[in-house]
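Chemist: Counting in the working numbering, the sequence shown runs from 15 upward without gaps.
Heads up, the beta-carbon is just placed ideally off N, CA and C, and yes, glycines get one too.
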Amino acid sequence: MRSLDQIIKAYDVRGIYPDQLDVDLAHAVGAAFVRVLGIAARDGGPGVVVIGHDMRPSGPDLVASFADGVREQGCDVILIGLASTDGLYFASGHLNIPGAMFTASHNPARYNGIKLCRAGAAPVGQDSGLREIREMIENDAIPAYDGPMGSISEQDMLTEYAKYLRQLVDLSGIRPLKVVVDAGNGMGGFTVPAVLGTGCGLPSLPLDIDALYFELDGTFPNHEANPIEPSNLVDLQRRVLEVGADIGLAFDGDADRCFLVDERGELISPSTLTALIASRELKKAPGSTIIHNVITSKAVPEVILENGGVPVRTRVGHSFIKATMAETNAVFGGEHSGHFYFRDFWRADSGMLAALHALAALGETPAGTTISSLMREFDRYSNSGEINTEVKDQKAMTEKIRLAYAEGTTTDEMDGLTVDGGEWWFNVRPSNTEPLLRLNVEARDEAQMAELRDAVLTIMRSES
Numbered sequence: 015m016r017s018l019d020q021i022i023k024a025y026d027v028r029g030i031y032p033d034q035l036d037v038d039l040a041h042a043v044g045a046a047f048v049r050v051l052g053i054a055a056r057d058g059g060p061g062v063v064v065i066g067h068d069m070r071p072s073g074p075d076l077v078a079s080f081a082d083g084v085r086e087q088g089c090d091v092i093l094i095g096l097a098s099t100d101g102l103y104f105a106s107g108h109l110n111i112p113g114a115m116f117t118a119s120h121n122p123a124r125y126n127g128i129k130l131c132r133a134g135a136a137p138v139g140q141d142s143g144l145r146e147i148r149e150m151i152e153n154d155a156i157p158a159y160d161g162p163m164g165s166i167s168e169q170d171m172l173t174e175y176a177k178y179l180r181q182l183v184d185l186s187g188i189r190p191l192k193v194v195v196d197a198g199n200g201m202g203g204f205t206v207p208a209v210l211g212t213g214c215g216l217p218s219l220p221l222d223i224d225a226l227y228f229e230l231d232g233t234f235p236n237h238e239a240n241p242i243e244p245s246n247l248v249d250l251q252r253r254v255l256e257v258g259a260d261i262g263l264a265f266d267g268d269a270d271r272c273f274l275v276d277e278r279g280e281l282i283s284p285s286t287l288t289a290l291i292a293s294r295e296l297k298k299a300p301g302s303t304i305i306h307n308v309i310t311s312k313a314v315p316e317v318i319l320e321n322g323g324v325p326v327r328t329r330v331g332h333s334f335i336k337a338t339m340a341e342t343n344a345v346f347g348g349e350h351s352g353h354f355y356f357r358d359f360w361r362a363d364s365g366m367l368a369a370l371h372a373l374a375a376l377g378e379t380p381a382g383t384t385i386s387s388l389m390r391e392f393d394r395y396s397n398s399g400e401i402n403t404e405v406k407d408q409k410a411m412t413e414k415i416r417l418a419y420a421e422g423t424t425t426d427e428m429d430g431l432t433v434d435g436g437e438w439w440f441n442v443r444p445s446n447t448e449p450l451l452r453l454n455v456e457a458r459d460e461a462q463m464a465e466l467r468d469a470v471l472t473i474m475r476s477e478s
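Have a look at this one:
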């Protein structure tokens, strides 16, 4: 029995190539994927799987081996080649078939991974198939199939993807904007020219794009494609100031997340962008439900209520967001990590679609309006960002923090421990894979936030 706990995680398969994730494991995952989900035609499924990959050098070999595993179970394969993760979700939704995306997202170059989905881009996580896939591989229990091998074909989905996003958010009437985009040598360098440019033969937009690191390079020679880390935004911030841009966009490696920088070179919180997009979606669908997770700013539910919507709070993680969106028919969902989910996009997350909303919102304002002034009404509190601290006992430390803040507060355990003091709140959540507690703090102003942050961190770092 081979233990795969550290490779097959809560939401995807991810590991160092080839030490942890190699072609043999990819082959096994492909075969188990077909069996566990019952997606071969003989099982009453669609009988076909769509596969894409990012720019990492190991991608093509892993895809070929995974595809062989799928085909050896009697299931056909459609290869779409290079794709962003939301490009693969589009293919799964548009074709209404299951999909597999080979990417390690924002992880360093030595990693690769597999994100799996059912038809219509529905997620496959630990509670929706991944656990069974892991157990089938660990127990060497993938059934043999003696029928005909599935076929393999290629299909270009980039043009259809670009057309679809441009239909969802119309930029044709916006005022001219100067936009710096840092693709981090990731898949944003593939999708931005298609969606925001004329790479797919679409009408040109009044956007002057200043491209940073658009060369697809899975070794990430300039900086890691992980914009949640401030050090990876420095080049974008500098360039926005150098060229006097109206806005800056940063994408992670597989371009399913987008982060914004304003005209002053300052980061716009993903919670602030969540609130902006929520207000826009509620104009199109009045009274709708909007999803936000436990660590988004209090400004998000406030804005939703002010715009006549219904805020619903969930745990952190795309499987929880997507499941709650399906249950409530929510029009939109946002996470503080930079993931944004859209009902019109099969409830999947799309960094590009979030970027289009930001550009449309700014482009619809009078000339001279800045993105920082536009965002001011949505940016109401000071937050710490996520801070990770290694602890010996996650449960004991969480209880210690709870007791320290028991007086005059309310608490809940939807996801870790959230303590609300009225003018402030904080959340501590355990990592699923490491001995870490993740801390997020928000308060009325910077001084109050810093004082609370430091007080909680002092407890977390004082093992008794």
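Put L453 into one of helix, strand or coil per three-state DSSP.
Modeler: Here residue 453 refers to the residue found at position 439 when the sequence shown is read from its first residue. Of the three classes helix, strand and coil, the one that applies to L453 here is strand, per DSSP.
Chemist: So what does DSSP say about E404, is it helix, strand or coil?
Modeler: Along the sequence shown, one-based indexing puts residue 404 at 390. E404 falls in the strand class under three-state DSSP.
Chemist: Under 8 Å between the Cβ atoms of G198 and H237?
Modeler: For the purposes of this step, residue 198 is taken as the residue at position 184 of the sequence shown. For the purposes of this step, residue 237 is taken as the residue at position 223 of the sequence shown. In contact: G198 and H237 (Cβ atoms closer than 8 Å).
Chemist: Whose C-beta lies closer than 6 Å to the C-beta of I318 among residues of the same chain, with five residues either side of it excluded?
Modeler: Within the sequence shown, residue 318 is the residue found at index 304, counting from 1. So the list reads A292, I304 and P325, once near-sequence residues are dropped.
Chemist: Do A42 and I156 have their C-beta atoms closer together than 8 Å?
Modeler: Residue mapping note: residue 42 aligns to position 28 of the sequence shown, counting from 1. Residue mapping note: residue 156 aligns to position 142 of the sequence shown, counting from 1. Yes.
Chemist: Roughly how many angstroms lie between the CA atoms of E456 and R70, to the nearest whole one?
Modeler: Taking the first residue of the sequence shown as position 1, residue 456 is located at position 442. Taking the first residue of the sequence shown as position 1, residue 70 is located at position 56. So the alpha carbons of these two residues sit roughly 37 Å apart.
Chemist: Go ahead and pull the three-state DSSP assignment for Y175.
Modeler: Position 161 of the sequence shown, counted from the first residue, corresponds to residue 175. Three-state DSSP puts Y175 in a helix.
Chemist: I'd like to know whether the C-beta atoms of G301 and D100 end up nearer to each other than 8 Å.
Modeler: In the sequence shown, the residue the question calls residue 301 occupies position 287. In the sequence shown, the residue the question calls residue 100 occupies position 86. No, they are not a contact pair.
Chemist: Which residue wins for smallest C-alpha separation from A340, given the options R475, Y355, V330 and M389?
Modeler: In the sequence shown, the residue the question calls residue 340 occupies position 326. Looking at the Cα atoms, Y355 is the closest of the given residues.
Chemist: Provide the residue(s) that pair with F265 in DSSP beta bridges, ordered along the chain.
Modeler: On the sequence shown, residue 265 is found 251 positions in, with the first residue counted as 1. Answer is C272, bridged to F265.
Chemist: To the nearest angstrom, how far is it from the Cα of F265 to the Cα of G203?
Modeler: Your numbering for residue 265 matches position 251 in the sequence shown. Your numbering for residue 203 matches position 189 in the sequence shown. Rounded to the nearest angstrom, the two C-alpha atoms are 9 Å apart.
Chemist: Thinking A418 and I473 are a contact (beta carbons under 8 Å), I'd like their distance in whole angstroms, please.
Modeler: One-based indexing of the sequence shown puts residue 418 at position 404. One-based indexing of the sequence shown puts residue 473 at position 459. At roughly 6 Å, the Cβ-Cβ gap stays under 8 Å, so A418 and I473 are in contact.
Chemist: Beta-carbon within less than 7 Å of V257's beta-carbon, same chain only, minus the 5 sequence neighbours each way: which residues are those?
Modeler: Stepping through the sequence shown from its first residue, residue 257 is reached at position 243. Within the same chain, V257 has close Cβ partners K192, V194 and D224.
Chemist: Report the rounded CA-to-CA distance for E465 versus N397, giving the unit in angstroms.
Modeler: Counting from one through the sequence shown, the residue named residue 465 turns up at place 451. Counting from one through the sequence shown, the residue named residue 397 turns up at place 383. Looking at the two C-alpha atoms, the distance is approximately 12 Å.
Chemist: Mind checking which residues open and close the alpha helix (DSSP H) that includes E2?
Modeler: Limits of the chain in this structure are 15 at one end and 478 at the other, which puts residue 2 out of reach.
Chemist: Using the Cα positions of M15 and D154, report the straight-line distance between them to the nearest angstrom.
Modeler: Looking up residue 15 in the sequence shown gives position 1. Looking up residue 154 in the sequence shown gives position 140. Bear in mind that the predicted position of M15 carries a pLDDT of just 48, short of 50, making it unreliable; the figure below should be weighed with that in mind. So the two alpha carbons sit approximately 7 Å from each other.
Chemist: Quick one, are the C-beta atoms of C89 and V50 less than 8 Å apart?
Modeler: Position 75 of the sequence shown, counted from the start, is the residue given in the question as residue 89. Position 36 of the sequence shown, counted from the start, is the residue given in the question as residue 50. For C89 and V50, no; Cβs fall outside 8 Å.
Chemist: Hey, would you say L179 sits closer than 8 Å to L373, going by beta carbons?
Modeler: One-based indexing of the sequence shown puts residue 179 at position 165. One-based indexing of the sequence shown puts residue 373 at position 359. Their beta carbons are not under 8 Å apart, which means L179 does not touch L373 by this criterion.
Chemist: Under three-state DSSP, which class holds T212?
Modeler: Numbered from 1 along the sequence shown, position 198 holds the residue referred to as residue 212. Looking at T212 - three-state DSSP - the assignment turns out to be coil, as it is neither helix nor strand.
Chemist: Any contact between the segment 95-111 and the segment 263-279? By contact I mean 3 or more CB pairs, one from each, below 8 Å.
Modeler: Segments in contact, yes.
Chemist: Straight-line CA distance for N307 to G161?
Modeler: To locate residue 307, count along the sequence shown from 1; it is residue 293. To locate residue 161, count along the sequence shown from 1; it is residue 147. C-alpha separation (whole angstroms): 46 Å.
Chemist: Against chain B, does R361 count as a neighbour if the rule is that its beta carbon must be under 8 Å from one of theirs?
Modeler: This model lacks chain B altogether; it includes just one protein chain.
Chemist: My assumption, with CB atoms under 8 Å, is that M163 sits in contact with R85. Please give the rounded CB distance.
Modeler: Indexing the sequence shown from 1 puts residue 163 at position 149. Indexing the sequence shown from 1 puts residue 85 at position 71. That pair is a contact at about 5 Å.
Chemist: Go through its chain and collect everything with a Cβ distance to E349's Cβ below 6 Å, but skip five positions before and after it.
Modeler: Position 335 of the sequence shown, counted from the first residue, corresponds to residue 349. If we look at E349 and ignore the five residues flanking it on each side, its Cβ neighbours are N307.
Chemist: Identify every residue that forms a DSSP beta bridge with D434.
Modeler: Position 420 of the sequence shown, counted from the first residue, corresponds to residue 434. Partner(s): T424 and W439.
Chemist: Pick helix, strand or coil for D36, following the three-state DSSP scheme.
Modeler: Position 22 of the sequence shown, counted from the start, is the residue given in the question as residue 36. Note: D36 maps to coil in three-state DSSP.
Chemist: Roughly how many whole angstroms lie between the Cα atoms of M6 and G430?
Modeler: Missing from the structure shown is residue 6; the chain here goes from 15 to 478 and no further.
Chemist: Could you check what DSSP says for M15 in three-state terms: helix, strand or coil?
Modeler: Against the sequence shown, residue 15 aligns to sequence position 1. In this prediction, M15 has a pLDDT of 48, which is less than 50 and means its spatial position is unreliable; nothing more can be read from the coordinates.
Chemist: Is there contact here, the segment 378-395 with the segment 270-286, by at least three beta-carbon pairs under 8 Å?
Modeler: Yes: at least three Cβ pairs fall under 8 Å.
Chemist: Among all the DSSP beta bridges, which residues are the ones paired with N307?
Modeler: As a first step, residue 307 is located in the sequence shown; it is residue number 293 there, counting from the start. Beta-bridge pairing links N307 to T328.
Chemist: Between which two residues does the beta strand (DSSP E) carrying I30 extend?
Modeler: The residue labelled residue 30 in the question sits at position 16 within the sequence shown. Start and end: V27 to I30.
Chemist: Am I right that Q408 and L471 are in contact with their C-beta atoms under 8 Å? What's the rounded C-beta distance?
Modeler: The residue you call residue 408 lines up with position 394 of the sequence shown. The residue you call residue 471 lines up with position 457 of the sequence shown. With a Cβ gap of about 15 Å, Q408 and L471 do not count as contacting.
Chemist: Do G52 and A105 count as a contact pair if the criterion is CB distance below 8 Å?
Modeler: Residue 105 sits at position 91 when you count from the first residue of the sequence shown. Residue 52 sits at position 38 when you count from the first residue of the sequence shown. No, the Cβ-Cβ distance between A105 and G52 is not below 8 Å.
Chemist: From the DSSP output, which residues share a beta bridge with Y355?
Modeler: Along the sequence shown, one-based indexing puts residue 355 at 341. According to DSSP, Y355 bridges with G347 and D363.
Chemist: Assuming I94 and Q169 form a contact by the criterion Cβ under 8 Å, report the distance between their Cβ atoms to the nearest whole angstrom.
Modeler: Translated into positions along the sequence shown, residue 94 becomes position 80. Translated into positions along the sequence shown, residue 169 becomes position 155. Sure, about 6 Å apart at Cβ, within 8 Å.
Chemist: Is I318 helix, strand or coil when you go by DSSP?
Modeler: Position 304 of the sequence shown, counted from the first residue, corresponds to residue 318. Of the three classes helix, strand and coil, the one that applies to I318 here is helix, per DSSP.
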